[in-house]
Amino acid sequence: MYLVRVVSSKGSSSGFSAVRDLLKREFNRSVELQFLRTPSSFAFRVVSGPLIFTAVSVVSALRRAPRGSGPVPSVATLFSEPDLRYQVHSVLQFVPEHVDVRVCSFSQRVERGLVLAYTETRRRHQEAGNISVQLLNITTAVSRPAAAKVSVEIKFAVRDGRGLLLGSEVSEHLRKLSPVEFSFYIGFPALQIAE
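The sequence shown begins at 1 in the numbering used here and counts up by one.
#1: So if DSSP puts N130 in a beta bridge, which residue, or which two residues, is it bridged to?
#2: Could you please give me the residues that DSSP links to R51 through a beta bridge?
#3: Going straight from the alpha carbon of E106 to that of V31, what length do you get?
#4: For V88, which residues from the same chain have a beta carbon less than 6 Å from its beta carbon, with the 5 sequence-adjacent residues on both sides left out?
#5: Are the CB atoms of L191 and V91 within a distance shorter than 7 Å?
#6: If you draw a straight line from the alpha carbon of V103 to that of L51, how long is it in whole angstroms?
#7: Given D100, which residues of its chain have a CB within under 8 Å of its CB, disregarding the five upstream and five downstream residues?
#8: I need the DSSP call for I154, collapsed to helix, strand or coil.
#9: Output yes or no for whether 7 Å exceeds the beta carbon distance between L33 and F53.
#10: Tell me which same chain residues have a C-beta within less than 8 Å of the C-beta of A117, skipping the five on either side of it?
#11: Nearest by alpha-carbon distance to V56: which of H98, E81, A18, R109 is it?
#12: Mind checking which residues open and close the alpha helix (DSSP H) that includes H173?
Written as structure tokens, this is what we have:
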């Protein structure tokens, strides 16, 4: 969820200084890169005090950054994104602007809520088994200057013991919950439960 894989490191340490500077500008706060060695690659995570930024938000920020900033390593998330047929899209509304959707605490809250919501629909239909949710992206809609709350789009996939579930199957299950029930599990009002 938070580890960013280094695909190629052009410019070595100076490239990572450029990454830190770009993310500091993009996230509008001081950030630190913490490097780790995974079994298959070299990776890092981005922190700011107690906050840990999601890999998706880091990769997105680096892709949006202007290219005149010197050599920047090529990066990607540790997980590969599943095919479109496995993806589900939900939209939350009235999320306060002060809630930073780029940090792991928000992602973990949403992921936990999606697991609980989907598990509840399976329980109602006497379906057993464990599931897990893979968050693929979380973005906020462009807000108007006077708005204190924003819409948040969530793209995710669900996996059970057999593998990834088709997005249409997951959507069908989740839409059996009322908007109030779904919102209860996620923690914010839902504009769109699952598509």
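No residue lacks a Cβ here, since even glycine has one placed at the ideal position from N, Cα and C.
So, to answer that:
#1: N130 is not bridged to any residue.
#2: The identity of residue 51 in the sequence shown is Leu, whereas the question assumes Arg. Paired residue(s): S48.
#3: It should be pointed out that residue 106 corresponds to Phe in this sequence rather than to Glu. Rounded to the nearest angstrom, the two C-alpha atoms are 18 Å apart.
#4: F156, G167, V170, S171, A194
#5: yes
#6: 6 Å
#7: L51, F106
#8: strand
#9: no
#10: L174, L177, E181, F182, Y185, I186
#11: E81
#12: 167-174
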